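Visitor:
4 protein chains.
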Amino acid sequence: MNNSYGEIIKISTFGESHGLIIGALIDGFFSNLYISEKFIQKNLNLRKPFTSLFSTQRREQDKVKIFTGIFKNKTTGAPVLMLIKNNDKQSSDYNNISLNFRPGHADYTYFLKYKFRDYRGGGRSSARETACRVASGCVFKNLIYNKGVIVRSYIKKIGFLKINFKYWNYTLNRFFSNLLFINEIKDIINNCKNSCNSLSSEIVIIINGLEPSLGDPLYKKINSTISNYLLSINATKSICFGFNFKNKNSFQVKDEIKNSGFTSNNNGGILAGITNGQPLVIKILFKPTSSTSRKIKTINEKLKNITNKTYGRHDPCVGLRAVPVIESMLYTILINKILKKKIYE
Amino acid sequence: MNNSYGEIIKISTFGESHGLIIGALIDGFFSNLYISEKFIQKNLNLRKPFTSLFSTQRREQDKVKIFTGIFKNKTTGAPVLMLIKNNDKQSSDYNNISLNFRPGHADYTYFLKYKFRDYRGGGRSSARETACRVASGCVFKNLIYNKGVIVRSYIKKIGFLKINFKYWNYTLNRFFSNLLFINEIKDIINNCKNSCNSLSSEIVIIINGLEPSLGDPLYKKINSTISNYLLSINATKSICFGFNFKNKNSFQVKDEIKNSGFTSNNNGGILAGITNGQPLVIKILFKPTSSTSRKIKTINEKLKNITNKTYGRHDPCVGLRAVPVIESMLYTILINKILKKKIYE
Amino acid sequence: MNNSYGEIIKISTFGESHGLIIGALIDGFFSNLYISEKFIQKNLNLRKPFTSLFSTQRREQDKVKIFTGIFKNKTTGAPVLMLIKNNDKQSSDYNNISLNFRPGHADYTYFLKYKFRDYRGGGRSSARETACRVASGCVFKNLIYNKGVIVRSYIKKIGFLKINFKYWNYTLNRFFSNLLFINEIKDIINNCKNSCNSLSSEIVIIINGLEPSLGDPLYKKINSTISNYLLSINATKSICFGFNFKNKNSFQVKDEIKNSGFTSNNNGGILAGITNGQPLVIKILFKPTSSTSRKIKTINEKLKNITNKTYGRHDPCVGLRAVPVIESMLYTILINKILKKKIYE
Amino acid sequence: MNNSYGEIIKISTFGESHGLIIGALIDGFFSNLYISEKFIQKNLNLRKPFTSLFSTQRREQDKVKIFTGIFKNKTTGAPVLMLIKNNDKQSSDYNNISLNFRPGHADYTYFLKYKFRDYRGGGRSSARETACRVASGCVFKNLIYNKGVIVRSYIKKIGFLKINFKYWNYTLNRFFSNLLFINEIKDIINNCKNSCNSLSSEIVIIINGLEPSLGDPLYKKINSTISNYLLSINATKSICFGFNFKNKNSFQVKDEIKNSGFTSNNNGGILAGITNGQPLVIKILFKPTSSTSRKIKTINEKLKNITNKTYGRHDPCVGLRAVPVIESMLYTILINKILKKKIYE
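Protein chains in written order, with full-length UniProt numbering: chain A, 1 to 345; chain B, 1 to 345; chain C, 1 to 345; chain D, 1 to 345.
(1) With distance defined between alpha-carbon atoms, name the residue in A/Leu199, A/Ser126, A/Leu231, A/Glu345 nearest to A/Lys287.
(2) Can you check DSSP and say which residues form a bridge with B/Asn249?
(3) State yes or no: is the beta carbon of A/Val139 nearer than 9 angstroms to at least one beta carbon in chain C?
(4) Please report how far the alpha carbon of B/Ala235 lies from the alpha carbon of D/Lys74, in whole angstroms.
(5) Starting from the beta carbon of D/Leu214, find every residue of chain A whose beta carbon is closer than 7 angstroms, and list them in chain order.
(6) Closest by CA to C/Glu202, which one among C/Ala322, C/Asn267, C/Thr263?
(7) Starting from the Cα of C/Pro103, find the closest Cα among D/Asn276, D/Tyr344, D/Ile326, D/Asp255 and give me that residue.
(8) Kindly identify the DSSP beta-bridge partner or partners of C/Asn2.
(9) So which residues on chain A does B/Gly159 lean against when the C-beta distance must stay under 8 angstroms?
(10) With distances taken between CB atoms, is the gap from A/Lys147 to A/Gly215 smaller than 9 angstroms?
(11) May I ask which residues mark the beginning and end of the beta strand (DSSP E) holding A/Lys65?
(12) Does C/Tyr110 come out as helix, strand or coil in the three-state DSSP assignment?
(13) By how many angstroms is the C-alpha of B/Val318 removed from the C-alpha of D/Ile226?
(14) Are the C-beta atoms of D/Thr332 and some chain A residue less than 9 angstroms apart?
(15) In the structure shown, what three-state DSSP assignment does D/Thr13 receive?
(16) Using a Cβ-Cβ cut-off of 8 angstroms (strictly less than) and excluding sequence neighbours within five positions of B/Ile205, which residues of its own chain qualify?
(17) Could you tell me which residues DSSP puts in a beta bridge with A/Thr307?
(18) Chain A beta carbons: is any one of them nearer than 9 angstroms to that of C/Asp62?
(19) I'd like the list of long-range same chain contacts for B/Phe140, defined as Cβ closer than 8 angstroms, with 5 residues on each side in sequence excluded.
(20) What residue does the beta strand (DSSP E) around A/Ser232 start on, and which one ends it?
(21) Output the distance between the C-alpha atoms of D/Met1 and A/Gly261, rounded to the nearest integer angstrom.
(22) Can you give me, in chain order, the residues of the segment 5-31 of chain C that have a beta carbon less than 8 angstroms from any beta carbon in chain D?
(23) Considering only C-alpha positions, which residue in the set C/Ser12, C/Asn142, C/Phe251, C/Leu143 is nearest to C/Arg133?
(24) Going by DSSP in three states, B/Arg102 sits in which element: helix, strand or coil?
(25) Exposed or buried, what is B/Ser91 when buried is set at 16 or more other beta-carbons lying within 10 Å of its beta-carbon?
(26) Can you grab the Cα-Cα spacing for the pair D/Phe160 / C/Gly159, in whole Å?
(27) Could you tell me the distance, in whole angstroms, from the CA atom of C/Asn190 to the CA atom of C/Ile163?
(28) Tell me the DSSP bridge mates of A/Leu161?
(29) Keeping to the same chain, check which residues put their C-beta closer than 8 angstroms to that of D/Ala131; ignore five residues upstream and five downstream.
(30) Anything in the segment 274-300 of chain D with a Cβ closer than 9 angstroms to a Cβ of chain B? List those residues in chain order, please.
(31) Starting from D/Lys304, find everything on chain C with Cβ-Cβ shorter than 8 angstroms and list it in chain order.
(32) In angstroms, rounded to a whole number, what distance separates the CA positions of A/Leu81 and A/Leu231?
(33) Decide if A/Tyr34 is buried, meaning its Cβ has at least 16 other Cβ atoms within 10 Å, or exposed.
(34) I'd like to know whether the C-beta of C/Ala131 is nearer than 9 angstroms to at least one C-beta of chain D.
(35) Indicate the three-state DSSP secondary structure (helix, strand or coil) for A/Leu280 in the structure shown.
(36) Give me the residue from A/Pro316, A/Pro212, A/Asp315, A/Ser290 with the minimum Cα distance to A/Gly273.
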């Protein structure tokens, strides 16, 4: 199924950015577990700083409601449907580009594939859909935490600017409230907005407390599954496991083992596709967003050369908004791997 | 299924490096197509330079035989079973390490997961299994070629040494026969062997002639599928699509469109997870192999600190042997995506 | 996935009978196809005579709305979400049995499995959910018809009463409007209602115009798939393909072949799991419904022996209401098999 | 995948009756479990009485060998490959019918679908393949038995002859060794062979000791899965769950519940697709085999009317040989359902 992921607990997402609603359907989940709209709402709101501060001005309410699969706040074992209403449908932002293919976007490939041009701001390809992954993924957040697993994301680079490691200690919330006071970041972001430009970014994720033996060779190794799902996030270009193995020889990167544990973790917690109990280290590279308000050469549906300019709201650094999405998808991947391992115990 | 891949035509591989046989089972293939053992054998032999020249001295015959699913050399539509006999079973190479966990290898994680130590030279986790992927994948090679698709792999880096671009014009065979005469490469490889070291490598794959519209958003995007399968290859650490997006802003990497085509291809042929008709550009990073004949600290099954030394044959640059494996898996991925697209025509 | 079916075009259904909504999500469908709520609404309304005439008095509006996956009435290729609001939520009907396990129903097994008792009239196990299968399945109805395929269902037996074959010529609608005038049926149904009883039934489905070569041996034979999906319908107990093979020898049931075609069709259009071009003949047996207003011995959640009496509305012959459900699921199965065959052309 | 079944532990079968070998590949199985060729061989031999006594004279050795996935007789967690060599390849038996489509067989439909005529005695469609299901399924037999589950098959009818219930107490082996002494059966079988005829049969399976809560609504109900797999067996025409619900009203078939348990078991151990702890009751109807040595009208590949006569060995009652196949597939289904339930504990 093209629009589902998860081997045991399966998430299906649906909805277009400028359609009526977006949402997620969770199948294969436990019964008799408390889930509350409040908790999911809180996590969705966590997504907002990443979408609005410095970023796009689009103001969504993202009000989520659970419609099926629960009774008196507990799951029944039946599929759980969550819906988020789209309030902020400013199709007008995008009207002037309706007949143009925005370079770097899905417009051209979606038109060729689906013989169809849904110009309403990206439609199904829009990053708005990722709200569904956050809403559904956070349902597993506590289950993961209760097993001692902590997922933390760090912004390593914005454009060419390397983020000072001392900021890596901050929780992501505090990091963002302090963003304004980190001068270099403030400057680089503002320059971007003023020059109608956007920047690449590198996000690092470290997962602590993960039990060993997760992952299923040969073709469902944990790094295979993680890359499959995380590279489905818009604007991702690259994924890397462990610390940088470029230009290295084996003496430089060997992880020796003592009876007190591993002496290092170059491999980033994964050996032969299975977790070894050490922290997972994953790095993802995001390209700069392609919607800017600068002029850019493209063609329209009649294949005529034109110059395009997006008047809509755009994101100077789209990688930042991806952080809650990455974490949510990781909760889903991890709970699935943990349940899969349980089968054989 | 942990040991299968492919959405329509499915490949299952099996067998251990020091077991009796290894092989592949192909299900969902066309009927009435000629396939010959000779052709598969030829492709398997192409794998040998990558495994023996400069590399491991292990000398496999890799003689393949088709046992089911054909009649008078044509496929019947039933599953096709290919078997390769293991002749070169030198378990003795590995005996002294049987109770030790070789760092960087699957030993430790496989022991934890399967409660079982198959010390016969890596067993199921060994790179030997990749011969099965080559044998099965090449069945689709001609189908892909007949559609005008050409898959080419290039070695970009060995250790810190960047390979001169002029060599990128060589077919891979010619490249390898000339390797000996490329002094820098010769030197770096020999140094490695003499110092019992091994090197990382970067492989670039360029795919020309691929039709647009391949790939299925949101979770079966073509980059998702490719990363899922290619990162299942031993020693892979990173995958990257398109040209380097690090430290960039959008002006530097925009692919403008004219009615004569795209003006550039930074995105490497993929937009929003769907091919756009331009060449696919994929880069994979391999870590240095962990089996060297240098001493390395580890523990044995009784959790006692010891020093380990592999007397077996090892590979100074494991990325090189992966090239035919990458190409074979790509044939399988591409034929599946092409057939999937066919459904909707 | 427990709550999805369909190999290429996948339907997921969700919702409980006395929850807020029920619905279906269609993934993998064509783009650029017209679908309208009116057409789906019409088909849902066709379901009503089967649910209300003679049958349960529960009066649902079954008003369907499409929320995603369309733009200007055409499919975009993205998942299509249909929702049906539950208006007629008379939980009070069921209150007096809330702590009792209704024999023959899902109550007992669902309680054991999900550790949870959703007493709201059957919840997820209720036949109400089948409205989702009708709503989604009819989307494929025209596609099937345009290929010359006609699916027709006939009621062969109600209780012990065999329906006169002459009525098999009627379209189902006409059959039902005439039901009142078919005395034997009228009598048997009324007796049922008066004595608070319910009856078994046998439904025969004949599919004409189906192309040969549909079905995928060995484990996705068309009879395997059909039985898998149709036996998921509530109250089904048996499925049979072809004409009755009981107590037969081979001379009695051989289908000889002439160059003008088959001389008979005992095998009901399927040979070795693949269609042969002849009409498919399928027969399904439904058990009598278990909810009646007669007293029946059972236990409550405290495992105390009690007598139960359902005051809610019940169905004297549940097999009748299944007819549109059977047909809808068959449209889904058939379109999937036809698309699967297309891959190999 | 067309040639695999099983949701967690997956079996893939392959091979043609007159090809080199047949076999099975088991993926997703436990590690560290003892399996021995002897045990599998013993179970395969159990299959022989069902295939040779009274039945076909084809004498296979059915010698099985395990090639991968084990080390020192214990499973490693890697895929397990079992191969059975075909010794008794009398293609000559079938030569005279090579250009004819044997009515009632797969010949015609396989020719249309695969554009290919593998006349070697049924090829992939032959019942010989079922040996693979027996070989793989018996691996799970002990696991099931250790959970207190007993699977027993009974022959209820051969042709029109109803088997006296007193024989239902015999284990199947003893039943068969006594077959010769059960006069009615002896007579009916001999008449068959003399008149070159064959008979239908009804097999009843009763499964005791199965835990409740197995089965996954809505589309992976246990009856759905069982029917899907069992109807893939050659010559099956019908499957029925529970006791006969034909011509019944609800008073006749209600299963009341007391705190001491159910008062009856008309539903045959399944409610709403989930086991309720009572014995499962399944009945399967087999058609008479179509290969007889009587003349029968058919066409050849040139579409010319001819008369066909099979000189090969044929089976007077093909349902009998299916018994070990049914049981093996049930072990596979049950272990999968049990493991699936384990996920949620």
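Backbone N, C-alpha and C fix where the C-beta goes; we use that ideal spot for every residue, glycine too.
Just so it is clear, the structure is predicted and the values come from calculations on it, not from any experiment.
Guide: Put simply:
(1) With distances taken between Cα atoms, A/Lys287 lies closest to A/Leu199.
(2) In DSSP, B/Asn249 forms a bridge with A/Leu199.
(3) no
(4) Between B/Ala235 and D/Lys74, the C-alpha separation is close to 28 angstroms.
(5) Those do not exist, as D/Leu214 stays about 14 angstroms from chain A at its closest Cβ, beyond 7 angstroms.
(6) Cα-wise, what sits closest to C/Glu202 is C/Ala322.
(7) Comparing Cα positions, the closest option is D/Asp255.
(8) Within the DSSP secondary-structure output, C/Asn2 pairs in no beta bridge.
(9) Asn247, Lys248, Asn249
(10) no
(11) A/Lys65 -> beta strand (DSSP E) spans 64-68.
(12) C/Tyr110 falls in the helix class under three-state DSSP.
(13) 47 angstroms
(14) no
(15) strand
(16) Val151, Arg152, Ser153, Tyr154, Leu280, Val281, Ile282, Lys283, Ile284, Ile326, Glu327, Leu330
(17) A/Lys297
(18) no
(19) Once the five neighbours on either side are set aside, the close Cβ partners of B/Phe140 are Ile9, Tyr331, Thr332, Leu334, Ile335.
(20) Premise fails: A/Ser232 is in no beta strand (DSSP E) and is neither H nor E.
(21) Cα-Cα distance, rounded: 42 angstroms.
(22) Tyr5, Thr13
(23) Residue C/Ser12 is the option with its Cα nearest to C/Arg133.
(24) coil
(25) Low confidence applies to B/Ser91: its pLDDT is 48, below 50, so where it sits in the model is not reliable, and the reading given next is rough at best. The residue is exposed, with fewer than 16 neighbouring Cβ atoms inside 10 Å.
(26) 25 angstroms
(27) Spanning the alpha carbons of C/Asn190 and C/Ile163 requires a straight line of approximately 16 angstroms.
(28) A/Ile158
(29) Excluding sequence neighbours, D/Ala131 sits near Ile22, Leu44, Arg47, Glu60, Asp62, Ile84.
(30) none
(31) Asn259
(32) Looking at the two C-alpha atoms, the distance is approximately 25 angstroms.
(33) exposed
(34) The beta-carbon of C/Ala131 is placed no less than 9 angstroms from the nearest beta-carbon of chain D.
(35) strand
(36) A/Pro212
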